[in-house]
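Student: First the structure, which I've put down as structure tokens, then a few questions once you've had a look.
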Amino acid sequence: MLLSRDAQAQPVAIRREDYRPPAYWIDTVDLTFDLDPAKTRVLNRMQMRRNPDVPAEPLRLDGDELNLARVLVDGQGASFRMEGDQLVLDGLPDSFELEVFTTCCPAKNTQLMGLFVSQDTFFTQCEAEGFRRITYFLDRPDVMASYTVTLRAEKAAYPVLLSNGNLVEHGDLPEGRHFARWADPFRKPSYLFALVAGKLVAREQRVKARNGKEHLLQVYVRAGDLDKTEHAMNSLVHSIVWDESRFGLALDLDRFMIVATSDFNMGAMENKGLNIFNTKYVLASQATATDADYANIESVVGHEYFHNWTGDRVTCRDWFQLSLKEGLTVFRDQEFSMDLCADASARAVKRIEDVRVLRTAQFPEDAGPMAHPVRPDSYIEISNFYTVTIYEKGAEVVRMMQTLVGRDGFARGMTLYFQRHDGQAVTCDDFAQAIADANPDSALARHLPQFKRWYSQSGTPRVAVRGQHDAAARTYTLDFTQSCPPTPGQGDKQPFVIPVNLGLLGPDGQDLPLQLDDGGPAVAGTRTLVLTEAAQRFTFTGIDAEPVPSILRGFSAPVVLDFDYGDAQLLALLAHDSDPFNRWEAGQRLALRAALAAIEGVPAPGTPVLGEAFVEAMRQVLRHPTLDAAFKELVLTLPSETYIAEQLAVVDPQRVHVVREAMRTQLATALASDWAWAYEEHKDTGAYRPDPASAGRRALAGMALTHLCIAARASGDTVWPGKTLQRFKDAGNMTDRFNALSALVVSGHALAQQALVRFHAMFRDEALVIDKWFALQAGAPDRGGDVLPLVKQLMKHPDFSIRNPNRARSVIFSYCSANPGAFHRPDAAGYVWWSERVIELDAINPQVAARLARAMDRWSKLAEPYRSAAREAIARVAARPELSKDTLEVVTRALSN
Ligand code: B3K
Ligand code: ZN
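Numbering (numbering that gives the first Met the number 0), first residue to last: 0 to 896.
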């Protein structure tokens, strides 16, 4: 894994066009584990056969950090050789049994890939290429086999022994040991293998599917955590019901297990029948988890469960097709969360939140050195391609398909996809083809090859629109042009198929009927226009007065929309648009416009950044009698510093930070009495329930407190900070408590310190809460460069451990990736510290290190002196003689683009 670049050339890129089917198939795998943290023995017996469809070649099995003890072919000692990490065998018969006996050391596995130990419990993580750290194997997703797994371990230390599928046998062994044998009824690729062994307890529930079949659901955690598993279990039950009712996809296993671990590189993993989760996405109680945690648990439990069909039953042919399962499954989990919402407003809030993630994380990725298509063409380390492009943009591509074929048409397409491909390892082309074939008369079917450019072209398209009203002809003409900027390795782009949901607002703010001049029928409300050309014109008839166009309703395509709106038009959309997404978007555009003007201009000191009309519009929204609290909270949230920075050609992060803080202070002060009203109106949400409506009320009350504390800081008032501290002490749930704590910390009030001390004392034994405590401090607004010294202190705190990914993220990532105003220091100390942490982490856990390395993706946009200092810091990392290929790939790409 560690590459010494003196001894070895640069790591090679794996290219999609080089895909070849495997030379051998593995039909069955019989694994026996003697589990021991220091030395686990793995006996692997495989029934293999040559793939008759490809020319004969030696068998090459992948391995990584394994100790090889024995290789037998059909029970006989066999000659083999090592080529790098691969075990190579020649002269094999057409079909044979291969037995490989290896050992590994889970206790020393700090990468958390393969078999590792966390809090005295064994876990595995095999996706993408971790199985090769357990045994020699054809560790690629198109080799699907039937697995039988025997686990043997000391019974007192490891009473629970789990693997995929059904428990077929278990019993005691001599010397205080015991065993369990599991058989998975479904063929699967190696990346879906899992085992867990340790002292765990389970919440259990039995559910009946529509066909009357019973299933056992289990959520395994450590003994003290059982009372925090109810929400995860409920989320699992909801997921099962939803997938059956929306897509007709039933649970196909007798037993479905979720197991939580506190040491995990990512959120969760969809191993067949045995999902392994980061505790962050399982454990919740009202005392320890926020509303956001509850919502995330629901969506991650759903996501992993939905993979049971989209990923496990139909998997990826190769890792370039990763979005086949990830984009589709994100789309499914987004739809699941939306379908659980009680009303249209809550659905819109979920959509806005998803788009915000896309625009603040994926758009920058698509514009930076790591830009790649949804179906990449090459990679050095596949772990680096579990990205927001594969996941979130991939989900948008699936969503556009649904927009083009309709919701029922999409469900038909899914049915055809499973009819054709159940049990197979397939490609993104296969998926798109199935959706199109099930909808032969759709725009998707008509434009399928062009639509698939969304898979092959990277970069965020820009759609520029101009509107022209002709009073005499009573027409309104919209001229669309689309373009896409060059991205690494891709110069000229071809036009995309872009569904544009459109409405036109009349003078009273109501939707006009939409009658195109093509003679088709008039449509009330929203109409989907399909762009396929670089330039395209649409003319609407019967339009008496110049309308306000509401373009890209619901964010119907992942593009940047340019339309030269006047402030009055945006205020009209904010006040009246029937599409809540565009209503929110209008407010964001107004705020962004003000921010950019203040950043780029040279305003006289003390000039307010926000105009009166905007502030008044925000007051109207805040006080609105019918809008939901959650929606109000989104409208009143200013665009993030990251989002604002993306709109600039050259970024001075300090200037962005100062301007955004000034905007927030202005909103806090100008609306002080409105915030006080909002707080009093929304602070009581009754008995704790994490549903979207009550969560929205808590969010708005929390936002009000933050603004009241900010205003108090400006005015010297002590009443609201005092009330906030009291709220912090009295709160009946973590959301209210944390919001109050955050209000004190964010406003920089002196009371923050005692609240932080008290919070730590209250929750010292709750790891996930202590993560929040670290993250809040490392992400706090910078005042005179005070955050970096604090972060350095936090790293020395007895509760800090860089080996635990959640803890590392809570301090290091919160500072480097989520606190631009504190990280981008004119003295470059933030960058130096970043480079040290990347190097330190790389020796422990390359995946986490490479993720941290991405904090510098946008360095080339920075103004001086930041730009040169950032480049120097990246170069310092890249120059390390020993670096994982994970981190090397990220920093090399950063420097070359
Ligand atoms: N499929 C896993 C992610 C695996 C990441 C490997 N580096 C979780 C998910 O997307 O559901
Ligand atoms: Zn996934």
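We put the beta carbon where it would ideally sit given N, CA and C, even for glycine.
Computed from a prediction, not measured in an experiment: that's the story for all the values here.
(1) Where does the unbroken alpha helix (DSSP H) through I769 begin, and where does it stop?
(2) Rounded to whole angstroms, what is the Cα-Cα separation between R14 and P691?
(3) From the DSSP output, in three-state form, read off D429 for me.
(4) Under three-state DSSP, which class holds M265?
(5) By Cβ distance, which residues of its chain are closer than 6 Å to S895, with the 5 residues on each side in sequence left out?
(6) With burial defined as no fewer than 16 other Cβ atoms inside 10 Å of the residue's Cβ, what is the status of R406: buried or exposed?
(7) Using only CA atoms, which one of F178, R850, V167 and A144 lies nearest to A152?
(8) Please name the residue in L86, G541, V658 and N108 whose C-alpha comes closest to that of D517.
(9) Our contact map puts V889 next to A852 with C-beta atoms below 8 Å; I'd like the distance itself, whole angstroms only.
(10) Once you ignore the five residues that flank A878 on each side, which residues in its own chain have a CB closer than 6 Å to its CB?
(11) If you draw a straight line from the C-alpha of T891 to the C-alpha of A730, how long is it?
(12) Using only the heavy atoms of the ligand ZN, determine whether one of them is closer than 8 Å to the beta carbon of T717.
(13) Using the Cβ count rule (16 or more neighbours within 10 Å means buried), how would you classify Q776?
(14) Label Q333 either buried or exposed according to how many other C-beta atoms from any shown protein chain fall within 10 Å of its C-beta, with 16 as the threshold for buried.
(15) Go ahead and label Q7 buried or exposed: buried means 16 or more other beta carbons lie within 10 angstroms of its beta carbon, across all protein chains shown.
(16) Once the 5 residues before and after D224 are set aside, which same chain residues still bring their CB inside 6 Å of it?
(17) Between F335 and E229, what straight-line distance do the alpha-carbon atoms span, to the nearest angstrom?
(18) Ends of the alpha helix (DSSP H) at R350?
(19) Could you give the first and the last residue of the continuous beta strand (DSSP E) run that contains D26?
(20) Please list, in chain order, all residues with a C-beta atom less than 5 Å from at least one heavy atom of the ligand ZN.
(21) Going by DSSP, name the residue or residues bridged to D478.
(22) Taking only heavy atoms of the ligand B3K into account, decide whether any of them is closer than 8 Å to the Cβ of N818.
(23) Can G266 be considered in contact with the ligand B3K, in the sense that its beta carbon sits closer than 8 Å to one or more heavy atoms?
(24) Okay, do the stretch 345-361 and the stretch 55-72 touch, 3+ Cβ pairs below 8 Å being the bar?
(25) What did DSSP end up calling Y687 once you bin it into helix, strand or coil?
(26) I need the DSSP call for M256, collapsed to helix, strand or coil.
(27) By Cβ distance below 7 Å, which residues in the same chain neighbour T664 in space, the five residues on each side in sequence not counted?
(28) Count the other CB atoms within 10 Å of the CB of Q118; is the residue buried (16 or more) or exposed (fewer)?
(29) With a floor of 4 residues, list each alpha helix (DSSP H) that falls wholly inside the stretch 467-526, ordered by position along the chain.
(30) What are the boundary residues of the alpha helix (DSSP H) that includes Y564?
(31) Could you tell me the distance, in whole angstroms, from the CA atom of A521 to the CA atom of G466?
(32) What is the rounded straight-line gap between the Cα of L137 and the Cα of A37?
(33) Contact defined as beta carbons within less than 8 Å: I believe G502 pairs with S577. What is the distance between those atoms, to the nearest angstrom?
(34) Specify, as a first and last residue, the run of the beta strand (DSSP E) that Q217 falls within.
(35) When you compare the stretch 95-102 with the stretch 58-67, are there three or more beta-carbon pairs, one atom per stretch, that lie closer than 8 Å?
(36) Below 8 Å CB to CB, which residues in the same chain sit around S377 once its five sequence neighbours on both sides are set aside?
Tutor: So, from the listed chains and residues:
(1) Looking up residue 769 in the sequence shown gives position 770. Residue range A766 to A777 is occupied by the alpha helix (DSSP H) that includes I769.
(2) Counted from its first residue, the sequence shown places residue 14 at position 15. Counted from its first residue, the sequence shown places residue 691 at position 692. If you take the alpha carbons of R14 and P691, they lie about 44 Å apart.
(3) Indexing the sequence shown from 1 puts residue 429 at position 430. Three-state DSSP puts D429 in a helix.
(4) The count along the sequence shown starts at 1 and reaches residue 265 at position 266. In the structure shown, M265 sits in coil (DSSP, three-state: anything other than H, G, I, E or B).
(5) Start at 1 with the first residue of the sequence shown, and residue 895 comes out as number 896. For S895, where only same-chain residues beyond five positions count, there are no Cβ hits under 6 Å.
(6) As a working mapping, residue 406 is identified with position 407 in the sequence shown. Only exposed fits R406, as fewer than 16 other CB atoms lie within 10 angstroms of its CB.
(7) The residue given as residue 152 occupies position 153 in the sequence shown. The shortest Cα separation from A152 among F178, R850, V167 and A144 belongs to F178.
(8) Here the question's residue 517 lines up with position 518 in the sequence shown. Of the listed residues, the one whose Cα sits closest to D517 is G541.
(9) Taking the first residue of the sequence shown as position 1, residue 889 is located at position 890. Taking the first residue of the sequence shown as position 1, residue 852 is located at position 853. About 4 Å separates the beta carbon of V889 from that of A852, a gap short enough to meet the 8 Å contact definition.
(10) For the purposes of this step, residue 878 is taken as residue 879 along the sequence shown, with counting starting at 1. Excluding positions up to five away in sequence, the list is empty.
(11) For the purposes of this step, residue 891 is taken as residue 892 along the sequence shown, with counting starting at 1. For the purposes of this step, residue 730 is taken as residue 731 along the sequence shown, with counting starting at 1. Distance between the alpha carbons of T891 and A730: 48 Å.
(12) For the purposes of this step, residue 717 is taken as the residue at position 718 of the sequence shown. Not so, every heavy atom of the ligand ZN lies at least 8 Å from the Cβ.
(13) Translated into the one-based positions of the sequence shown, residue 776 becomes position 777. Sixteen is the threshold: when 16 or more other Cβ atoms of the shown chains lie within 10 Å of the Cβ of Q776, as they do, the residue is buried.
(14) Taking the sequence shown and counting its residues from 1, one reaches residue 333 at position 334. That one is buried.
(15) As a working mapping, residue 7 is identified with position 8 in the sequence shown. Any reading at Q7 needs caution, since the residue's pLDDT is 44, under 50, leaving its predicted position unreliable; the model's value is listed next. Here Q7 is exposed, its C-beta having fewer than 16 other C-beta atoms within 10 Å.
(16) Taking the sequence shown and counting its residues from 1, the one referred to as residue 224 is at position 225. Excluding positions up to five away in sequence, the list reads L282.
(17) The residue labelled residue 335 in the question sits at position 336 within the sequence shown. The residue labelled residue 229 in the question sits at position 230 within the sequence shown. Going by the C-alpha atoms only, they are around 19 Å apart.
(18) Walking along the sequence shown from the start, residue 350 turns up at place 351. Where R350 is concerned, the enclosing alpha helix (DSSP H) starts and stops at A343 to V356.
(19) Sequence index remark: in the sequence shown, residue 26 carries index 27 (1-based). Annotation: the continuous beta strand (DSSP E) that includes D26 extends over Y23 to D33.
(20) After applying the 5 Å Cβ criterion, the set is E325 and T328.
(21) Counting from one through the sequence shown, the residue named residue 478 turns up at place 479. As a beta-bridge residue in DSSP terms, D478 pairs with R465 and R536.
(22) The sequence position of residue 818 within the sequence shown is 819, counting from 1. The nearest non-hydrogen atom of the ligand B3K is 8 Å or more from the C-beta of N818.
(23) Sequence index remark: in the sequence shown, residue 266 carries index 267 (1-based). Checking the Cβ of G266 against the ligand B3K gives yes.
(24) Counting Cβ pairs under 8 Å, fewer than three are found: no touch.
(25) Along the sequence shown, one-based indexing puts residue 687 at 688. If DSSP states are grouped into helix, strand and coil, Y687 belongs with coil.
(26) Within the sequence shown, numbered from 1, the residue matching residue 256 stands at position 257. M256: strand per DSSP, three-state reduction.
(27) Taking the sequence shown and counting its residues from 1, one reaches residue 664 at position 665. Cβ within range, chain order: I709 and A713.
(28) Counted from its first residue, the sequence shown places residue 118 at position 119. Counting every other CB atom within 10 Å of its CB across the protein chains shown gives Q118 a total below 16, marking it as exposed.
(29) Listed in chain order, nothing qualifies, since the stretch 467-526 has no complete alpha helix (DSSP H) run of 4 or more residues.
(30) The residue given as residue 564 occupies position 565 in the sequence shown. Per DSSP, Y564 belongs to no alpha helix (DSSP H) and is neither H nor E.
(31) Working through the sequence shown from its first residue, we reach residue 521 at position 522. Working through the sequence shown from its first residue, we reach residue 466 at position 467. A521 and G466 have their C-alpha atoms spaced approximately 19 Å apart.
(32) If you number the sequence shown from 1, residue 137 lands on position 138. If you number the sequence shown from 1, residue 37 lands on position 38. Near 26 Å, if we compare the C-alpha coordinates of A37 and L137.
(33) In the sequence shown, residue 502 corresponds to position 503, counting from 1. In the sequence shown, residue 577 corresponds to position 578, counting from 1. That pair is a contact at about 7 Å.
(34) For the purposes of this step, residue 217 is taken as the residue at position 218 of the sequence shown. Boundaries of the beta strand (DSSP E) around Q217: E213 to V220.
(35) Segments in contact, yes.
(36) To locate residue 377, count along the sequence shown from 1; it is residue 378. Closer than 8 Å at the Cβ level, and outside the excluded window around S377, lie A12, I13, R14 and R15.
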